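The structure appears below as C-alpha cells.
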Amino acid sequence: RKEVEQDPGPFNVPEGATVAFNCTYSNSASQSFFWYRQDCRKEPKLLMSVYSSGNEDGRFTAQLNRASQYISLLIRDSKLSDSATYLCVVNRNNNDMRFGAGTRLTVKP
Amino acid sequence: GAVVSQHPSRVICKSGTSVKIECRSLDFQATTMFWYRQFPKQSLMLMATSNEGSKATYEQGVEKDKFLINHASLTLSTLTVTSAHPEDSSFYICSALPGVRSPLHFGNGTRLTVT
Chain A
1 RKEVEQDPGP FNVPEGATVA FNCTYSNSAS QSFFWYRQDC RKEPKLLMSV
51 YSSGNEDGRF TAQLNRASQY ISLLIRDSKL SDSATYLCVV NRNNNDMRFG
101 AGTRLTVKP
Chain X
110 GAVVSQHPSR VICKSGTSVK IECRSLDFQA TTMFWYRQFP KQSLMLMATS
160 NEGSKATYEQ GVEKDKFLIN HASLTLSTLT VTSAHPEDSS FYICSALPGV
210 RSPLHFGNGT RLTVT
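Heads up: the protein sequence lines correspond to chains A and X, in order. Letter by letter, the first sequence follows residues 1 to 109 in my numbering. Letter by letter, the second sequence follows residues 110 to 224 in my numbering.
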C-alpha cells in the first residue's frame, strides 16, 4: 500500500459543478497536510494547507479526518481555470514529505 | 516570501556530457531540499533528499553516482546529472522547506533534453 493515495481520475466536470477529491495516508503520526495544484509542464504550486479544524479559501475547502486518515479538497463553482492535477502532500514526520500521485481534473464549458 | 529559484529552466545537451542544476532558496534558509523528476504524463518522483552539510539520501532505484547532489550551504543545493543519456531527458524540480510543518516551496523546474 502506498503511503499517500489519491484517485488518479480523470475527473471531467462541467463549469459550475462541485467536485471533491480525497487523499488517504497510512502514517497516523503524520503532522501536516497540503494540497498543491500542478499545471501541465509546470512546477506544483501550493493551493492550501489543511488544518485540523478544516479551512476554506474562496471556492476551495480543505478538511482533515485524522481518525480515518484522509484529507479532502472540495471545489465549488468550478472554473475552466481549475483544470489541473491536484496533489496531496503529507509531512509524515521531521520533514519527511510524501506525495500522492495526483488527481487530474478537467473542467469543461 | 519563501521563493525558490531553479536554474537553468531549460537545457539541451549531448549524450555523455554532464549537466548541473542549481536550486536556491532566496529569502529563507533551507536545511533540507528535495529533488524530483517527472516524465510526461506521470507523477512527480522523489529522487533524493538533500541535507545541508551531509550526504544526500537517495530513493530506491536512483543512482547516487549518476545524480550527484551537493548541498554546501543553507541556500543552495545542486544536482549534477553525470554522463547524461537520452533516457535522462525529463523535468527536474527542486523544493525546499522554510521550516518545520511549513509547506514545500518549489523551484520552477528544469527541462532537460539529452540528444
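Glycine residues also receive a C-beta, built at the ideal position from the N, C-alpha and C atoms. Please read all numbers here as calculations on a predicted model, not as lab measurements.
Within chain A, the residues that residue i reaches when beta carbons sit closer than 7 Å
i                      : result
residue 213 of chain X : 89, 97
Rounded Cβ spacing between residue i and residue j (contact assumed at less than 8 Å)
i                      : j                      : result
residue 78 of chain A  : residue 16 of chain A  : 6 Å
residue 168 of chain X : residue 155 of chain X : 5 Å
residue 23 of chain A  : residue 6 of chain A   : 5 Å
residue 219 of chain X : residue 115 of chain X : 6 Å
residue 105 of chain A : residue 82 of chain A  : 6 Å
residue 202 of chain X : residue 43 of chain A  : 5 Å
residue 194 of chain X : residue 127 of chain X : Actually they are not in contact, since the Cβ atoms of residue 194 of chain X and residue 127 of chain X sit about 11 Å apart, beyond 8 Å.
residue 89 of chain A  : residue 34 of chain A  : 4 Å
Listed by chain order, chain X residues near residue i by CB distance under 7 Å
i                      : result
residue 10 of chain A  : Simply none; closest approach about 11 Å.
residue 102 of chain A : 152
Residue i (DSSP reduced to helix, strand or coil)
i                      : result
residue 196 of chain X : helix
residue 213 of chain X : coil
residue 81 of chain A  : helix
residue 95 of chain A  : coil
residue 51 of chain A  : coil
residue 183 of chain X : coil
residue 165 of chain X : coil
Which listed residue (the options) has its alpha carbon closest to that of residue i
i                      : options                    : result
residue 113 of chain X : X:207, X:224, X:223        : X:207
residue 179 of chain X : X:171, X:189, X:202        : X:189
residue 54 of chain A  : A:105, A:74, A:41, A:42    : A:74
residue 187 of chain X : X:195, X:198, X:149, X:165 : X:165
residue 198 of chain X : X:122, X:177, X:117        : X:122
Where residue i meets chain X, residues with beta-carbon distance less than 9 Å
i                     : result
residue 31 of chain A : 209, 210
Residue i to residue j span [Cα, whole Å]
i                      : j                      : result
residue 216 of chain X : residue 223 of chain X : 21 Å
residue 84 of chain A  : residue 12 of chain A  : 11 Å
residue 141 of chain X : residue 109 of chain A : 42 Å
residue 162 of chain X : residue 18 of chain A  : 47 Å
residue 183 of chain X : residue 31 of chain A  : 24 Å
residue 200 of chain X : residue 130 of chain X : 11 Å
residue 58 of chain A  : residue 51 of chain A  : 16 Å
residue 92 of chain A  : residue 29 of chain A  : 6 Å
residue 221 of chain X : residue 134 of chain X : 21 Å
residue 111 of chain X : residue 72 of chain A  : 25 Å
Residues that residue i contacts on chain A, provided the C-beta gap is smaller than 9 Å
i                      : result
residue 218 of chain X : 41, 42, 43
residue 184 of chain X : Result: empty, since nearest Cβ-Cβ is about 17 Å, beyond 9 Å.
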